[in-house]
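In terms of the working numbering, the sequence shown opens at residue 64 and continues consecutively.
Glycine is no exception: its CB is placed at the ideal position from the N, C-alpha and C atoms.
Treat the numbers as computed from the prediction; the structure is a model and nothing was measured.
Structure first, commentary second.
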Amino acid sequence: MLRVNRRLGDDETLRSGRQFARAFRTDTTKPLAPSHVTRWENGDLAVTRATVRRYEHLLGLATDSLKTLIDAVNRVEGAPMLADDVRADVDQDRQRLSELLDRVFGGGSMTGTDWGRLTDLISARQELEFYPRHLWRDLADRLLGELVVAVGSAWLQRQEAMSRLLEHPTARTHAVAACIGMAEDLSTTAVIEPLSLLDVTADAAANRYVLRQISRPDSDRAMHGALLAAIRKVGLAHFRDGEWLQLAACLSSTISDPALDPALAPLAIDVARRLTRRLPNVKSLHRSLSAVDDAHRTWQAGRSAEPQPAQLAGRRIAARAQSRLGTGSGGADAVLAELIGETLFGSNPERRMVASMLLAASPYRRAVAQTLLDEITADIASRGQTYPLAASLRAITQLNVDIHRPLIRDILIRPGFPAAARHAAAWATPYCAGQQSPAAWRKVLDVQVAAWLRQPSELTEGIVLGIVHGIGTDGQRPLLAAIQSDPALPASARTAASWLMRTDVCLT
């Protein structure tokens, strides 16, 4: 990230390592050797927070944009967090902590950078206590409420901030309760986010709730969030004693169920495979997985021995994106191709998210998004199946661009698209950058409400719900007001509109 942002940055003089090293020096630091830049960017020398923030400043990037990304990647990969090589000013930090807490509890506005700074200060004070203690829950509720309607970097900063609260010895209990409370709140469309966040902590209440939503899920979205949490929880050995066998029994039943939502099957299988490595003697789980693997091998046997789709698509899209930027003369960027392939076809949701975040933070972002959009549009027109639509729309959305809004709108208003494709498009809208007009939203909503009335089901109702959430994160408050009082809409959509009306969605 450091190298690609420097070499493809707007300031051509800083593309030279020697010039960058000269510019890096400040009045309070010694001159920097160019070899330092090379070693940082090759990963041979650990960077600190101060180093990353200096890169952000020199390259004209948003404050904490790279720092937050590196923290998120390190958390997912289980790597150490960035160290701080600047001695803290205790009095200044205490004053800043007090100011930020006053703003939170006084109803003042908070940016993503503010939340990052506040939770950094809280993390540095493992012994910190609030009195009365309910202030911890108030803090977690407010942060989580902002997180689930934020998009792009505003979302990532709040995601990392909430993770820090879930790791704090005193804040953890209250943060877990806030996540469970939101997941249980029937008035909100946000279920996956608060449930998946529970993967950060081994807290007993978090473990119990994740297991409950896998064994007796309140909805497919609740199971989705719980499975996402379980993937990391298994890897980090969060569960205890009998919880391991309980999880094995749940998964054995789940992956053998022919009625399992196809979108949830890969997640359940991923958790099960991780669990079998930890519980090699649980025969029922192994039998269930063997049946799944036999079916997969039969499918694979019917395919030619070509390279995997991820490799082919990754190389093709990387080459075209580099051509758009004029950087392809030195050959395909292998790292770029791998990240693209992982984003589109990766089986591990965490690694897909990390890959997409890295792409979004690079100068390749828009070129990759445009190339991918061109390929998806051509794939749809030819009725091909090169790209899984849900994963492709999610990938472009996570690149923090708005160029695919017309495609999403077409899928939601043109006849002929199956419900699964419309569901994927609907749930891409809440996290899509940019905005669309109230009239465009109204058209999309009317078409999908009519489809729900013709064929009521959990899937078609979920499409309407995703659109309502997208209207909310787009800041369309007059339309939300109309939705919450419209008896022709599903009750879940009216309730969600009421919740979104009470939520501040203008976040930075």
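Exercise for the section: Name the residue from Arg341, Ala246, Ser419 and Ala328 whose alpha carbon lies nearest to the alpha carbon of aspartate 304. Expected result: Arg341
Problem - Those residues which DSSP pairs with threonine 111 across a bridge - result: Ala146
Problem - leucine 291 beta carbon less than 8 Å from that of leucine 330 - result: Cβ atoms of leucine 330 and leucine 291: closer than 8 Å.
Exercise for the section: Can you tell me which of Val211, Ala300, Ala224 and Gly215 puts its alpha carbon nearest to the alpha carbon of leucine 258? Expected result: Val211
Exercise for the section: Using 10 angstroms around the beta-carbon of methionine 144, count the other beta-carbons present and answer buried if the total reaches 16, otherwise exposed. Expected result: exposed
Exercise for the section: Identify which residue in Ala432, Val136, Ala125 and Arg414 has its Cα closest to the Cα of glutamine 385. Expected result: Ala432
Problem - CB contact flag (alanine 246, valine 254, <8 Å) - result: yes
Exercise for the section: Assign asparagine 105 to buried or exposed, taking buried as 16 or more other Cβ atoms, counted over all protein chains shown, within 10 Å of its Cβ. Expected result: exposed
Problem - Buried versus exposed call for glutamine 448 [16 or more other C-beta atoms within 10 Å across all chains shown] - result: By the 10 Å Cβ count, glutamine 448 comes out exposed.
Practice task
Tell me whether proline 493 is buried or exposed, calling it buried when 16 or more other Cβ atoms sit within 10 Å of its Cβ.
Solution key: Proline 493 counts as buried, since at least 16 other C-beta atoms from the protein chains shown sit within 10 angstroms of its C-beta.
Exercise for the section: May I have the straight-line CA-CA distance separating valine 527 from valine 136, to the nearest angstrom? Expected result: 33 Å
Exercise for the section: Please say whether threonine 176 and leucine 229 have beta carbons closer to each other than 8 Å? Expected result: no
Practice task
To the nearest angstrom, report how far apart alanine 453 and histidine 287 are at their CA atoms.
Solution key: 14 Å
Practice task
Under 8 Å by Cβ, that's how I've got alanine 424 and serine 128 pegged, so tell me the actual separation to the nearest angstrom.
Solution key: 7 Å
Handout entry: Straight-line gap, leucine 124 to phenylalanine 193 (C-alpha atoms, nearest Å)
Key = 35 Å
Problem - Minimum C-alpha distance to isoleucine 243 - residue among Ala217, His231 and Gln276 - result: Gln276
Practice task
Could you say which of Thr174, Gly169, Leu160 and Gly215 lies nearest to arginine 188 if we only look at CA atoms?
Solution key: Leu160
Handout entry: tyrosine 427 beta carbon less than 8 Å from that of leucine 456
Key = no
Handout entry: Same chain only: Cβ atoms within 8 Å of alanine 376, ignoring 5 sequence neighbours per side
Key = Ile403, Gly404, Leu407, Phe408, Glu438, Thr449 and Tyr450
Practice task
Would you check if the distance between the CB atom of leucine 475 and the CB atom of alanine 488 is smaller than 8 Å?
Solution key: yes
Problem - Inter-residue Cα distance where the pair is leucine 121 and alanine 268 - result: 44 Å
Handout entry: Buried or exposed by the 16-neighbour rule on C-beta atoms within 10 Å, applied to threonine 252
Key = buried
Problem - N-terminal and C-terminal residue of the alpha helix (DSSP H) that histidine 287 is part of - result: 283-298
Practice task
Would you list, in sequence order, the uninterrupted alpha helix (DSSP H) runs of no fewer than 4 residues that lie entirely inside the segment 437-523?
Solution key: 452-461, 468-476, 482-489 and 501-517
Handout entry: Identity of the residue in Asp333, Ser278 and Leu563 nearest cysteine 313 by Cα
Key = Ser278
Handout entry: Cβ-Cβ separation, leucine 338 to leucine 348 (assumed contact under 8 Å), whole Å
Key = So it is a contact: roughly 7 Å between Cβ atoms.
Practice task
May I have a chain-ordered list of the alpha helix (DSSP H) segments no shorter than 4 residues that lie completely inside the segment 177-248?
Solution key: 197-210, 215-230 and 234-247
Exercise for the section: May I ask you to report which of helix, strand or coil DSSP gives methionine 173? Expected result: coil
Practice task
Just the C-alpha distance for alanine 224 and leucine 436, rounded to the nearest angstrom, thanks.
Solution key: 32 Å
Problem - threonine 566 in three-state terms, based on DSSP - result: coil
Practice task
Using three-state DSSP, classify asparagine 411 as helix, strand or coil.
Solution key: coil
Practice task
Output the distance between the C-alpha atoms of alanine 484 and valine 510, rounded to the nearest integer angstrom.
Solution key: Whole-angstrom Cα-Cα distance: 14 Å.
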